[in-house]
Amino acid sequence: MNQADLIDILERGEGTPIELKLCGNVPEHDTFETICSFANRQGGNILLGVENDGTVVELSEKSLVDIQRNIVNRVNDPQAFNAPPSLDIEPIHYEEKTVIRVWVPVDAVVRKHKGAGYDRIMDSDVKVETGTQLSAMHIRKQEYYSERRVYRYLSKGDLRLDLLPRIREMAVAKKANHPWGTMDDDELLRSANLYLKDYETGEEGFTLGAALALGKDEVIASIAPAYKTDAYVQHDNRDRYDDRLVVKTNLIEAYDQLLAFAQKHLPDKFFLEGTQVVSLRDVICRELITNTLIHREYTSPFPAKMVIDVDGIRTENASRPRFIGPLTPDRFNPLPKNPIIAELFTNIGRADTLGNGTRNLFKYSWAYGGAQPVLTEGDVFDASIPILKGAASAMGTSFDVDEVIFQMMRDYGYATVPGVAAIADVTERTVRRHISPLVTEGKIIATGTTRDRRYLLPPETDQ
1073 MNQADLIDIL ERGEGTPIEL KLCGNVPEHD TFETICSFAN RQGGNILLGV ENDGTVVELS
1133 EKSLVDIQRN IVNRVNDPQA FNAPPSLDIE PIHYEEKTVI RVWVPVDAVV RKHKGAGYDR
1193 IMDSDVKVET GTQLSAMHIR KQEYYSERRV YRYLSKGDLR LDLLPRIREM AVAKKANHPW
1253 GTMDDDELLR SANLYLKDYE TGEEGFTLGA ALALGKDEVI ASIAPAYKTD AYVQHDNRDR
1313 YDDRLVVKTN LIEAYDQLLA FAQKHLPDKF FLEGTQVVSL RDVICRELIT NTLIHREYTS
1373 PFPAKMVIDV DGIRTENASR PRFIGPLTPD RFNPLPKNPI IAELFTNIGR ADTLGNGTRN
1433 LFKYSWAYGG AQPVLTEGDV FDASIPILKG AASAMGTSFD VDEVIFQMMR DYGYATVPGV
1493 AAIADVTERT VRRHISPLVT EGKIIATGTT RDRRYLLPPE TDQ
C-alpha cells in the first residue's frame, strides 16, 4: 500500500472493510476480534496507530517489529485461532509518522477467536452466539467457492469424458511425468478435485466445477442456466454486431472458441523479447480469456462479455470482490475466485501462477496497443485493453525502460519503481539506474519518502 491508498482509506473512515485502531507497544485484544470478523465477512484493512477520526498517532519505532511479531504469533496460536488467517502486514510512513497496515483476506474457512466466531456488521465486530448464525456463516463462506457445491445426482454420464485424454496430453506437455498422465478417469477426476465430499452435509459427488469444466452442454444449461459468454464485434455501428459468438459449452472448449474468435478479429503484432518472438495478440487474449473463465462467479445471473471494437478488446464478468477499485501494477492482491478451476487450468498450461496473468497484461498491453490496460475490480470485473490507431501494426522490440517510465506517468499520473519493474520485466535496481539520471536532468520529479517514492512529470512536460 502506498501513501495515496492510505490517504484514501483515512478519508473514507471506518466501515465494513476498514478499521482504525490505536496501538501501544502491543495490539489491543479487540484487534484480533476484528481480524476474525474481517476473515469471516469480506476481508479488509486494519490500520494500527490511527484514531477513529482518521488522525494518525505516532507509533514508537522501537515497537514496530514487536507489534508485527505479536500479531503473527497470536494468529498462529491454536489457542487463539482455530485456523490462522493469511495476513499481509506492513509499516507505512505518513507525514513523518508510521502506521501498521494489516490486510485480512477472506476465504472459505470460518474463523473463530478463542472459541467464538465474529462477523463484521458495518463498523462493528459482532460475536456470533447462536448455532443459526454460525450455520449461516458456514453457508456464506461455502458460497465464496460455489464451484465446490456437490450435485449428488451428477454422474460420469453427464460429463464429456472424451475430453480427459486431451487433458492428460496437455498436462504432460506442461510438465513431463505429470501424474495425470498415468491416472485412470476416476483418479484424475478426484485428483483435480472435481469429485468431492462436502464435510458439512456429508454429501459426496461431482461438483459445480466439474459440470462447468467437463459437463455436456445440456447439463451445464440445467445446472447453471445463466452461464454464457457473449462475444461480439462492433466496429462502425454500436447498434449492430459485425460478428457474434455466444459460448455456452464446457470451459475447456469455451477457451478454444473464444480464443479463435479473438484471433479472427484482432491484428497480430510480433514482439522481440530478447531472442524470442512473441505474439502479443495471443498472449493478451489468452490472459483475458483465462481470467474471465476461471475468476468468474458462476452463480451470478450477470452475463459475461468479450467485446472487440474500435477502442480495443474488453471483457466483463461477475465477480465476488475482495477489493473494489482499479488495479495497478503495484496495487493488487491476487486471490482465486474458483481455485479448483484455476488449478485445472494451471495444470494443463492455460493459466500461470496466481497474479502472473495480471502482471502479463500490464507487461505486454502497452507494447501491443500503445496504452496500459484498465482493470477494475467490483461486483463486475472489467478488463479493457486499449488499442490506439496504428499501434498494433508492426514488429516491436523489447521494452525500453525509459519509455515505460514516461508511459506509466502519462497513464497513471505517476510512476513507481516496482510498477515500472513489473511492466518492463527488469529488476528494481535496473529501474533505479534509469530513473536517477532522469531526476538529475530534471526530466522527472521525485516525491515522497524512499519507501513510498513516486515520480512525476514536471509541469507542462510533453515527453
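FYI, in the numbering used here the residues of the sequence shown are 1073 to 1535.
For each residue, glycine too, the CB sits at the ideal point set by N, CA and C.
Quick caveat: nothing in here was measured; it's all calculated off a predicted structure.
- Item | Enclosing beta strand (DSSP E) for S1456 [first to last residue] | 1452-1458
- Message: I need the straight-line Cα distance from F1342 to L1260, nearest angstrom please.
- Response: 37 angstroms
- Please work out which residues of its chain come closer than 8 angstroms, Cβ to Cβ, to A1423, disregarding the five sequence neighbours upstream and downstream, and give them in chain order. T1362, I1366, A1414, F1417, G1429
- Message: Out of F1110, R1220, R1504, N1124, which one is the CA nearest neighbour of Y1271?
- Response: R1220
- Message: Quick check on DSSP: helix, strand or coil for R1551?
- Response: Only positions 1073 to 1535 of the chain appear in the structure, and residue 1551 is not among them; the question remains open.
- How many angstroms separate the CA atom of A1293 from the CA atom of I1385? 27 angstroms
- Message: Between the alpha carbons of P1541 and G1096, how many angstroms are there, rounded?
- Response: The structure shown has nothing for residue 1541, since the chain only spans 1073 to 1535.
- Flag this pair as touching only if the stretch 1299-1310 and the stretch 1441-1459 have three or more C-beta atom pairs under 8 angstroms; answer yes or no. no
- Query: In three-state DSSP terms, what is R1119?
  - Reply: According to the sequence shown, residue 1119 is Leu rather than Arg. In this structure, L1119 counts as strand in the three-state DSSP scheme.
- Between P1177, G1189, E1100, which lies nearest to L1206 when the distance is taken from Cα to Cα? G1189
- Item | Assumed close pair A1285, I1324 - CB separation to whole angstroms, cut-off 8 angstroms | 6 angstroms
- CB-CB under 6 angstroms to A1296, same chain, minus the five flanking residues each way: which ones, in chain order? Y1370
- Does DSSP put M1467 in a helix, a strand or coil? Confidence in M1467 is poor, its pLDDT being 49 and thus under 50, which makes the residue's placement too unreliable to answer from.
- the stretch 1080-1089 contacting the stretch 1132-1151, beta-carbon criterion three pairs below 8 angstroms: no
- Who pairs with Q1348 in a beta bridge, going by DSSP? E1345
- Which whole-angstrom value is the C-beta distance of P1099 and L1120, which I expect to be below 8 angstroms? 6 angstroms
- Item | Alpha carbon of E1130 to alpha carbon of W1252, nearest angstrom | 55 angstroms
- Task: Enumerate in chain order the residues of its own chain whose CB-to-CB distance from A1487 is below 6 angstroms, with the five nearest sequence positions on each side excluded.
- Result: I1477, M1480, M1481, Y1527
- Query: Y1440 to P1490, Cα distance in whole Å?
  - Reply: 21 angstroms
- Query: If we count the other Cβ atoms within 10 Å of its Cβ and call it buried at 16 or more, is S1109 buried or exposed?
  - Reply: buried
- Query: Would the beta-carbon of D1289 fall within 8 angstroms of that of T1321?
  - Reply: yes
- Task: Drop a sphere of 10 angstroms on the beta-carbon of Q1114, count the other beta-carbons inside from all chains shown, and report buried for 16 or more, exposed for fewer.
- Result: buried
- Message: Which residue marks the beginning of the beta strand (DSSP E) containing M1378, and which one marks its end?
- Response: 1376-1381
- Message: In whole angstroms, give me the CA-to-CA distance for A1332 and N1074.
- Response: 40 angstroms
- Spatial distance of V1122 from N1142 (CA atoms): 18 angstroms
- Query: Under 8 angstroms, do V1128 and K1169 count as touching if we go by C-beta distance?
  - Reply: yes
- Task: Spatial neighbours of Q1151 within its chain, please: CB distance less than 8 angstroms, with the 5 preceding and 5 following residues excluded, ordered by chain position.
- Result: K1186
- Message: Extract the residue ranges of the alpha helix (DSSP H) inside the stretch 1223-1247, only unbroken runs of 4 or more that lie entirely within it.
- Response: 1236-1246
- Taking 8 angstroms as the cut-off, decide whether the C-beta atoms of E1388 and A1376 are in contact. yes
- Message: Please identify the residue among S1437, V1174, E1345, D1314 whose C-alpha is closest to the C-alpha of F1104.
- Response: V1174
- Item | 6 angstroms Cβ shell around I1459 - same chain, five flanking residues per side excluded | G1384, G1441
- Would P1157 pass as a contact of A1111 if the rule is Cβ separation under 8 angstroms? yes
- What three-state label does DSSP hand I1420 in the structure shown? coil
- Backbone CA spacing between H1101 and P1339 [nearest angstrom]: 58 angstroms
- Rounded to whole angstroms, what's the CA-CA distance from S1351 to L1344? Just pull it up for me. 9 angstroms
- What separation, rounded to the nearest whole angstrom, lies between the Cα atoms of I1412 and T1106? 29 angstroms
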